[in-house]
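Our numbering runs 1098 ahead of the 1-based position in the sequence shown. Glycine is no exception: its CB is placed at the ideal position from the N, C-alpha and C atoms. Keep in mind the model is a prediction, meaning the values are calculated, not measured. Below is one structure; the comments refer to it alone.
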Amino acid sequence: MTALSIRPATPADIPAITRIYGASVLNGTASFELEPPDEAEMARRMNELIGNGFPYLAADADGELIGYAYAALYRTRPAYRWTVEDSVYIAPDRQRGGLGRSLLTALITACIERGFRQMIAVIGDSPRQAGSVALHKALGFEHVGILQDVGFKHGHWCDSLLMQRALGDGAAKAP
């Protein structure tokens, strides 16, 4: 991979983001969606996150968008306002090359800059997502729980592994 650039995502990235996410929905179990959203829905989701101050990043290599990452509220109730959930998606032909680490590192930094205190990774179908589990562990996330058999996709039951990482001051002091 050459000339990697990680930058804020823009509406012009929606077609590539939609393709990357669509491939994940159709072929994988990282997302529990069953049908890929269209570009209009992906644009709506992006606009909502960016409009609410959450980071949404895109990774380009040689002028091609090859991955993206964003943070969203972990839960919507007000007490959770300092806790985000991360999402990282990589184009199928670019996986396992270090891009996920670059994107997640940049996302962590962007969340710290915005004052968030905790980041949660919700990893669907964890036995089949060993790369995602290893990535999160390498960046300081700890295993905090597992929800057994909570999703059914591609003919089998899937778990949700929860991993957590403190951001900035974490819980050491009030926000």
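DSSP beta-bridge partners for residue i?
i	result
Val1186	Ala1167
Gln1262	Ile1218 and Glu1240
Tyr1154	Tyr1168
Arg1105	Ala1156
Glu1162	Ala1159
Gly1181	For the sequence presented, residue 1181 should be read as Thr rather than Gly. Answer is Gln1216.
Near residue i, what residues of its chain come up, given a Cβ to Cβ distance below 7 Å and the 5 sequence neighbours on each side ignored?
i	result
Thr1127	Gly1222, Asp1223, Arg1226, Lys1251, His1252 and Cys1256
Val1220	Glu1183, Ser1258 and Leu1260
Gln1246	Asp1257
Ile1210	Leu1265 and Gly1266
Leu1124	Pro1134
Leu1147	Tyr1154, Tyr1168 and Ala1170
Residue i and residue j look like a contact to me (Cβ under 8 Å); what is the Cβ gap, rounded to whole Å?
i	j	result
Asp1111	Ala1156	5 Å
Leu1233	Arg1199	6 Å
Trp1180	Phe1130	In fact, because the Cβ distance is near 25 Å, the residues do not count as touching under 8 Å.
Using a Cβ-Cβ cut-off of 6 Å (strictly less than) and excluding sequence neighbours within five positions of residue i, which residues of its own chain qualify?
i	result
Pro1190	Ala1121
Glu1263	Sequence inspection shows Arg at residue 1263; the Glu mentioned does not correspond to that position. Around Arg1263: Met1217, Gly1238 and Phe1239.
Ile1188	Gly1165, Leu1197 and Gly1198
Val1248	Ser1258
Val1186	Ala1167, Gly1198, Leu1201 and Leu1202
Leu1132	none
Pro1106	none
Helix or strand or just coil, what does DSSP make of residue i?
i	result
Ser1111	Strictly speaking, residue 1111 in this sequence is Asp, with Ser absent from that position. The answer is helix: DSSP assigns Asp1111 an H, G or I state.
His1254	strand
Gln1133	This sequence places Glu at residue 1133; Gln is not what is there. Three-state DSSP puts Glu1133 in coil, outside helix and strand.
Thr1174	coil
Asp1223	coil
Asp1191	helix
Gly1249	strand
Ala1121	helix
Looking only at its own chain, which residues have a Cβ that is under 8 Å from the Cβ of residue i, when we skip the five neighbours before and after it?
i	result
Ala1141	Pro1109 and Ile1112
Tyr1268	It should be pointed out that residue 1268 corresponds to Gly in this sequence rather than to Tyr. If we look at Gly1268 and ignore the five residues flanking it on each side, its Cβ neighbours are Arg1215 and Gln1216.
Tyr1172	Tyr1178, Thr1181, Val1182, Glu1183, Gln1216 and Ile1218
Q | Contact the region 1124–1139 vs the region 1154–1169: 3+ CB pairs below 8 Å | A | As far as the Cβ criterion goes, the region 1124–1139 does not touch the region 1154–1169, which means the pair count is below three.
Q) Does the region 1165–1172 come close enough to the region 1194–1213 that 3 or more CB-CB pairs lie under 8 Å? A) In this structure the region 1194–1213 touches the region 1165–1172; the number of beta carbon pairs closer than 8 Å is three or more.
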